[in-house]
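Asks: Each position in the sequence shown, counted from 1, maps to that position plus 441 in my numbering.
Where a beta carbon is used, it is the ideal one built from N, C-alpha and C, also for glycine.
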Amino acid sequence: MLSLRSRLTLYYTCVLALILFLFGLVLYGGLNHYLARQTDAVLVGKAQEVVKSFRGPRGPFRRWIVLPNVNVFSSPGLYLQVVDLQGVVLAKSQNLGLQFLPCDEETLGLAAKGDPFFQTVDADGEKLRMYNFPLQIQGEPVGVLQVGSSLQPQAAILSRLARFLFFASVFAVGFASAGGFFLARLALAPVDHLTEVAAAISRTRDLEQRVDYKGPPDEIGRLAATFNKMLERIAKAHRSLEEAYVAQRRFVADVSHELRTPLTTIRGNLELLQRLDDGGAQEKREILADVVGEVERMVRLVQNLLTLARAEAGRQIEKERVDLGALVQEVARQAPLLGEAHFLAEKLDLLQGAQVLGNADYLKQLLLILLDNAFKYTPAAGVVALSGLRDEGWWGIQVRDTGPGIPADDLPHIFDRFYRAGGLRRSGAGLGLAIASWIAKEHGGRLEVASEVGKGSAFTFWIPAA
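(1) Give me the DSSP bridge partner(s) of H783.
(2) Residues in the same chain with beta-carbon distance under 8 Å from A906, minus the five sequence neighbours each way, listed in chain order, please.
(3) Please work out which residues of its chain come closer than 6 Å, Cβ to Cβ, to T748, disregarding the five sequence neighbours upstream and downstream, and give them in chain order.
(4) Do I675 and P631 come within 8 Å of each other at the CB atom, strictly closer than that value?
(5) So the candidates are V825, S878 and E567; which of them puts its Cα closest to the Cα of Q595?
(6) What is the rounded straight-line gap between the Cα of R448 and the Cα of H634?
(7) For L852, which residues in the same chain have their Cβ closer than 6 Å to its Cβ, ignoring the five residues on either side in sequence?
(8) Under three-state DSSP, which class holds A795?
(9) What are the residues that DSSP puts in a beta bridge with V562?
(10) Quickly, what does DSSP pair T901 with across the bridge? List them, please.
(11) Beta-carbon within less than 8 Å of T450's beta-carbon, same chain only, minus the 5 sequence neighbours each way: which residues are those?
(12) Just the C-alpha distance for L551 and Q593, rounded to the nearest angstrom, thanks.
(13) Cα separation between V523 and V530?
(14) From G538, G528 and L526, pick the residue whose C-alpha is nearest to that of L519; which is it?
(15) Give me the DSSP bridge partner(s) of K788.
(16) Taking all protein chains shown into account, decide if A597 is buried (16 or more other Cβ within 10 angstroms of its Cβ) or exposed.
(17) Below 7 Å CB to CB, which residues in the same chain sit around N800 once its five sequence neighbours on both sides are set aside?
(18) Can you name, in chain order, every residue of its own chain whose Cβ lies under 6 Å from the Cβ of A458, other than the five neighbours on each side?
(19) Indicate whether the contact test is met: 3 or more Cβ pairs, each with one atom in the stretch 477-492 and one in the stretch 562-576, closer than 8 Å.
(20) Residues in the same chain with beta-carbon distance under 7 Å from A553, minus the five sequence neighbours each way, listed in chain order, please.
(21) Compare the beta carbon distance of L549 and V492 with 8 Å and say whether it is the shorter of the two.
(22) Just to confirm the assignment: which complete alpha helix (DSSP H) runs, minimum length 4, are found wholly within the stretch 564-630?
(23) What is the DSSP secondary structure of G528, reduced to helix, strand or coil?
(24) Kindly list the residues whose CB is nearer than 6 Å to the CB of L872, restricted to its own chain and excluding five residues on each side of it in sequence; keep chain order.
(25) Would R504 be called buried (16 or more neighbouring beta carbons within 10 Å of its own) or exposed?
(26) So does the stretch 775-784 actually touch the stretch 823-831, counting three or more Cβ pairs closer than 8 Å?
(27) Could you tell me the alpha carbon to alpha carbon distance between P501 and E546, rounded to whole angstroms?
(28) So L629 packs on L445, CB below 8 Å; how close in whole Å?
(29) Give the range of the alpha helix (DSSP H) segment to which E490 is assigned.
(30) Measuring alpha carbon to alpha carbon, tell me which residue in G656, R726, V769 and Q587 is nearest G829.
(31) Considering D545, what are the terminal residues of the beta strand (DSSP E) in which it resides?
(32) Does the count of Cβ pairs from the stretch 456-472 and the stretch 651-658 closer than 8 Å reach three?
(33) Is the CB-CB distance between I838 and V890 below 8 Å?
(34) Please report the straight-line C-alpha distance between G766 and D790, rounded to a whole angstrom.
(35) Helix, strand or coil for R762, going by three-state DSSP, please let me know.
(36) Using alpha carbons as the reference points, say which of K805, T843 and R716 lies closest to A815.
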């Protein structure tokens with residue numbers, strides 16, 4: 442199969458050959474037409490010159506014309522002949538020798554009509570162009586003056602022109618083909634380089650390679666730039682996939698650990714119950730309470746996994762008008778049960794009567810995730826605060842704690858799934874904030890965070906007013 446540069450060269454060569462052919466055709470036709478008109482003009486001029494030298498009859502009953510010496514008007518390649526209407530040659534130029542200009546009945550018939558006319562005839566293998574001028578006496582035709590010229594010189598000129606055009610076109614097409622192939626190779630060199638880079642990437646799987654293009658910003662330049670941008674997006678996607686794969690492997694390990702611990706505890710407690718057939722009721726209640734606690738922990742973990750699975754599947758949250766103020770008040774009553782830190786409810790009256798379009802269960806889950814995180818990382822002597830905020834067209838809820846804070850390097854990633862901040866904030870499976878962020882986005886809102894290590898963190902949820 443022909444390469445691209447070969448096809449381009451072939452296309453250019455065909456177009457050039459077509460242009461040269463049309464140019465040669467027009468030039469050949471134009472010259473042929475010009476020479477024909479020149480020949481006809483010479484024949485007409487010579488005929489008029491001869492006719493002016495004729496002498497008409499001197500008496501009223503004279504019916505003939507006194508002919509001049511036609512040899513005076515002849516020249517090489519130009520022949521003259523006078524014929525009456527019976528076809529008898531009355532005079533001819535000496536350069537005709539023993540030959541005569543063709544004059545058949547058709548010619549005499551046309552001459553008898555009185556109008557001059559041209560003919561192209563074949564006389565002994567030679568093409569002649571003839572001008573026939575009817576001769577008249579007192580308005581009646583009596584003969585015809587024939588002036589002929591050989592078309593051989595004209596044919597020779599056209600033949601030389603055709604040969605010149607042919608060889609010149611062959612040379613031009615050959616030169617253009619070689620030059621076109623070289624120029625196409627030069628122009629497509631960046632494409633070859635791009636192909637080499639793509640092949641190297643495929644071979645080495647190094648997505649950090651780029652096309653080093655230093656030419657003008659033309660089509661090739663835009664192709665190279667687009668290719669580099671595509672490589673950048675692929676590399677970024679590949680890095681994200683690798684990070685997601687590592688995070689998921691870590692998540693699987695974390696989930697395995699999180700599930701193994703409560704299951705081990707449950708199994709140990711149940712085995713202990715089997716050995717305490719005669720044990721006290723108080724001890725059994727404590728063991729059962731531990732079992733229930735571990736089961737609830739597993740239920741929360743599984744519920745979080747189910748929520749994430751729904752988010753991955755693109756499931757839409759069913760929404761309705763929700764009294765945000767009443768919902769926040771309900772969460773504030775439950776918040777002290779989440780941990781040992783001191784809990785404060787501030788400015789919740791700002792949310793009184795606040796109406797939003799959303800899902801009450803998911804909104805409550807978001808707030809409980811933020812509060813649970815705050816209590817989890819805040820010491821018993823610390824403070825967790827729940828505050829109401831209001832802005833133009835928006836309602837806001839802020840959860841603030843005095844825990845260890847989040848390192849600045851971890852802040853851009855804390856809403857990523859399976860991500861757990863370093864430092865002191867390492868417990869849990871890294872699902873809560875990812876779920877909270879998803880819930881916020883599904884409600885058309887946003888979740889903001891501000892944190893300083895050693896001073897605590899503040900999470901603010903904004904939701905549009907209904």
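Replies: Result, derived from the coordinates:
(1) The residue labelled residue 783 in the question sits at position 342 within the sequence shown. Partner(s): V824.
(2) If you number the sequence shown from 1, residue 906 lands on position 465. Here the set comprises A795, Q796, V797, G834, W835 and W836.
(3) As a working mapping, residue 748 is identified with position 307 in the sequence shown. When the five nearest sequence neighbours on each side are left out, the beta carbons in the same chain lying within less than 6 Å of the beta carbon of T748 are those of I876, in order along the chain.
(4) Within the sequence shown, numbered from 1, the residue matching residue 631 stands at position 190. Within the sequence shown, numbered from 1, the residue matching residue 675 stands at position 234. Against a cut-off of 8 Å, the Cβ pair of I675 and P631 comes out as no contact.
(5) Within the sequence shown, numbered from 1, the residue matching residue 595 stands at position 154. When only C-alpha atoms are compared, the closest one is E567.
(6) The residue given as residue 448 occupies position 7 in the sequence shown. The residue given as residue 634 occupies position 193 in the sequence shown. So the two alpha carbons sit approximately 19 Å from each other.
(7) Looking up residue 852 in the sequence shown gives position 411. Hits under 6 Å: none found.
(8) In the sequence shown, counting from the first residue as 1, residue 795 sits at position 354. Reduced to three states, the DSSP call for A795 is coil.
(9) Position 121 of the sequence shown, counting from 1, holds the residue named residue 562. DSSP lists L569 as partners of V562.
(10) Taking the sequence shown and counting its residues from 1, one reaches residue 901 at position 460. Answer is Q839 and E889, bridged to T901.
(11) Within the sequence shown, numbered from 1, the residue matching residue 450 stands at position 9. Here T450 has S618, G621, F622 and A625 as same chain residues with Cβ atoms under 8 Å from its own Cβ, once five neighbours each way along the sequence are excluded.
(12) In the sequence shown, counting from the first residue as 1, residue 551 sits at position 110. In the sequence shown, counting from the first residue as 1, residue 593 sits at position 152. One C-alpha to the other measures close to 26 Å.
(13) Sequence index remark: in the sequence shown, residue 523 carries index 82 (1-based). Sequence index remark: in the sequence shown, residue 530 carries index 89 (1-based). About 6 Å.
(14) The residue you call residue 519 lines up with position 78 of the sequence shown. Nearest C-alpha to L519: G538.
(15) The sequence position of residue 788 within the sequence shown is 347, counting from 1. Answer by DSSP bridge pairing: none, since K788 is not bridged.
(16) Residue numbering aside, residue 597 sits at position 156 when the sequence shown is read from its first letter. Around the beta carbon of A597, fewer than 16 other beta carbons sit within 10 angstroms, so the residue counts as exposed.
(17) As a first step, residue 800 must be located in the sequence shown, where it is residue number 359. So the qualifying residues of the chain are I758, E759 and K760.
(18) Position 17 of the sequence shown, counted from the start, is the residue given in the question as residue 458. Only V614 meet the Cβ criterion.
(19) yes
(20) Position 112 of the sequence shown, counted from the start, is the residue given in the question as residue 553. If we look at A553 and ignore the five residues flanking it on each side, its Cβ neighbours are L526 and P582.
(21) Taking the first residue of the sequence shown as 1, we reach residue 549 at position 108. Taking the first residue of the sequence shown as 1, we reach residue 492 at position 51. Not in contact: L549 and V492 (Cβ atoms no closer than 8 Å).
(22) Runs found: 593-628.
(23) Residue 528 sits at position 87 when you count from the first residue of the sequence shown. It is coil, neither helix nor strand.
(24) Counting from one through the sequence shown, the residue named residue 872 turns up at place 431. The residues are N745.
(25) Within the sequence shown, numbered from 1, the residue matching residue 504 stands at position 63. Residue placement at R504 is flagged as unreliable, the pLDDT there being 46, under the threshold of 50; the coordinate-derived value follows with that caveat. Counting Cβ neighbours within 10 Å, R504 comes out exposed, since fewer than 16 surround it.
(26) Segments in contact, yes.
(27) Along the sequence shown, one-based indexing puts residue 501 at 60. Along the sequence shown, one-based indexing puts residue 546 at 105. Legend: pLDDT at P501 = 45, less than 50; position of this residue unreliable, no value from coordinates given.
(28) The residue labelled residue 629 in the question sits at position 188 within the sequence shown. The residue labelled residue 445 in the question sits at position 4 within the sequence shown. Sure, about 6 Å apart at Cβ, within 8 Å.
(29) For this step, residue 490 is matched to residue 49 along the sequence shown. It spans L445 to K493 - the alpha helix (DSSP H) in which E490 sits, taken as one unbroken run.
(30) Looking up residue 829 in the sequence shown gives position 388. It is V769 whose Cα lies nearest to the Cα of G829.
(31) Counting from one through the sequence shown, the residue named residue 545 turns up at place 104. No beta strand (DSSP E) holds D545; DSSP gives it neither H nor E.
(32) Remark: fewer than three beta-carbon pairs, one from each stretch, lie closer than 8 Å, so the stretch 456-472 and the stretch 651-658 are not flagged as touching.
(33) As a working note, residue 838 is residue 397 in the sequence shown. As a working note, residue 890 is residue 449 in the sequence shown. No, the Cβ-Cβ distance between I838 and V890 is not below 8 Å.
(34) Stepping through the sequence shown from its first residue, residue 766 is reached at position 325. Stepping through the sequence shown from its first residue, residue 790 is reached at position 349. So the alpha carbons of these two residues sit roughly 8 Å apart.
(35) Locating residue 762 in the sequence shown gives position 321, where the first residue counts as 1. Strand.
(36) Position 374 of the sequence shown, counted from the start, is the residue given in the question as residue 815. The shortest C-alpha separation from A815 is found at T843.
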